[in-house]
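The structure appears right after this line, and notes come after that.
Number of protein chains: 2
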Amino acid sequence: MTTNDLSQLRDKIDEVNLQILELLNKRGEIVQEIGHVKEKQGIVRFDPVRERQSLDLIIENHDGPFELSTVQHIFKEIFKASLELQKDNHKKALLV
Amino acid sequence: MTTNDLSQLRDKIDEVNLQILELLNKRGEIVQEIGHVKEKQGIVRFDPVRERQSLDLIIENHDGPFELSTVQHIFKEIFKASLELQKDNHKKALLV
């Protein structure tokens, strides 16, 4: 292994980062759509049962090098950010 | 929009979650490889300049619904977890 290998591995990391970014934003868009549907139906935005189901599916499918607790922590941050996104949209809708 | 739409949107979210999970774990594997290279070369594990560069590339490419600060926060959590992964491997290597 040389410094060149290190550089190649770092390029791979950057590539994966951008793929994760793309998926995060795609996820954000779907979450916004869900927010609109819930708003129209008068459903409360946060659904702990649904969040638990999502997390369970992630746990079932996890087989990577990260600790399960780490993966759960990262996804909980993503869930929290998504909920904030719905709240922001709701505020904006009220201001229109 | 009906409850059925909501269910379809949730399925899409689950699909994206699993894609993010796959990428996270792929990223974890590359990070482990980087840890091995650094170990052999006697380079310190944490490189703030490199982390800044990674984050800058993410910022440049961000164009989704999330606030930039949110995206940065999520990636910093991923970076932190990756560093922990390298530390764990180092500890395990010392124990062998």
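These protein sequences, in sequence, are chains A and B. The first sequence begins at -18 in our numbering and counts up by one. The second sequence begins at -18 in our numbering and counts up by one. We put the CB at the ideal spot given by N, CA and C, even for glycine.
Cβ neighbours of residue i in the same chain (closer than 8 angstroms, five flanking residues each side left out)
i: A/Arg8; result: Ile59 and Ser63
i: A/Glu32; result: Phe60
i: A/His17; result: Asn70
Helix, strand or coil at residue i according to DSSP, with G and I counted as helix
i: B/Gly45; result: coil
i: B/Arg26; result: coil
C-beta atoms of residue i and residue j nearer than 8 angstroms
i: B/Ile11; j: A/Ile(-6); result: yes
i: B/Gln34; j: B/Asn70; result: no
i: A/Asn(-2); j: B/Gly45; result: no
i: B/Phe47; j: A/Leu66; result: yes
For residue j and residue i, believed in contact at Cβ under 8 angstroms, the rounded distance
i: A/Leu4; j: B/Ile1; result: 5 angstroms
Cβ-based burial, residue i [other Cβ within 10 Å; buried from 16]
i: A/Lys57; result: exposed
i: A/Lys68; result: exposed
i: A/Asn(-15); result: exposed
i: B/Leu49; result: exposed
i: B/Val30; result: exposed
i: B/Leu(-10); result: buried
Cutoff 7 angstroms; reference residue i; Cβ partners in own chain excluding five residues on either side
i: A/Lys19; result: Arg26
Close-in-space but distant-in-sequence residues of the same chain around residue i (CB under 6 angstroms, 5 per side omitted)
i: B/Asp37; result: none
Contact set between the segment 42 to 56 of chain A and chain E, restricted to residues whose Cβ is under 9 angstroms from the partner: No chain E appears in the structure shown, which is made up of the protein chains A and B.
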